[in-house]
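Residue numbers (my numbering): 7 to 195.
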């Protein structure tokens, strides 16, 4: 038996394979990866990014609808009531949760956009979530109209309070931003 100066037995010492990792090395690598994942989650906030994307789609949908309504109002030959409440008596209303995307006035938007030559919508857009909270609401008294939507991202939320409407919890577009009640999302008529 051979001994070193410190009294260790060198004959029975196992040689370590240069290809393997120790448990400590693996735990250190896993800990570093966990820290990196947490930092990415905190700084990039992927859930907020998804909300921003959905809000961008909502704002685009509403801008396209507004443009189509404005052009239909200019191109149409009937009265405002016939345009804003197609084939029904004013006042009229619609909700995108009905899932009726028809653009001929029978969908959730009661305006016939099918003959619109300049800004045609082949079908009406609906909210991506399209549930009791996140949907589009349409109201018209036969002279004016309003469409509301709820925005969900922290970045876009201030738009709901600065759109000129009567409801700080909804983003509002239209010719009269007081048609939809601020207490429950129903029409004020």
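Glycine included, C-beta positions come from ideal geometry on N, C-alpha and C.
Query	Result
Distance between residue 52 and residue 111 (C-alpha atoms, nearest Å)	38 Å
Straight-line Cα distance separating residue 123 from residue 142	24 Å
With 16 other Cβ atoms within 10 Å as the buried cut-off, status of residue 85	exposed
C-beta contact flag for residue 134 and residue 58 at 8 Å	no
Limits of the beta strand (DSSP E) - the one that residue 143 falls within	143 to 146
Buried/exposed call for residue 104, threshold 16 Cβ in 10 Å	exposed
Nearest-angstrom Cβ-Cβ length linking residue 125 and residue 73, presumed shorter than 8 Å	5 Å
With 16 other Cβ atoms within 10 Å as the buried cut-off, status of residue 190	exposed
Beta strand (DSSP E) runs contained entirely in the stretch 80 to 137, provided each spans 3 or more residues	98 to 101
Exposed unless 16 or more other CB atoms sit within 10 angstroms - verdict on residue 180	buried
Assigned secondary structure, residue 180 (DSSP; H/G/I helix, E/B strand, else coil)	strand
Close Cβ partners of residue 120 (< 6 Å) along its chain, the five nearest in sequence each way excluded	109, 110
Nearest-angstrom beta carbon gap, residue 155 and residue 68 [assumed within contact, 8 Å]	6 Å
Residues that residue 155 bridges to, as DSSP identifies them	177
Run of the alpha helix (DSSP H) containing residue 37, from where it starts to where it stops	29 to 50
Cα-Cα separation between residue 45 and residue 54, rounded to whole angstroms	15 Å
Those residues which DSSP pairs with residue 186 across a bridge	193
Residues near residue 165 by beta carbon distance below 7 Å, same chain, minus five either side	157, 177
Residue nearest to residue 90 in terms of C-alpha spacing, selected from 152, 29, 33, 47	152
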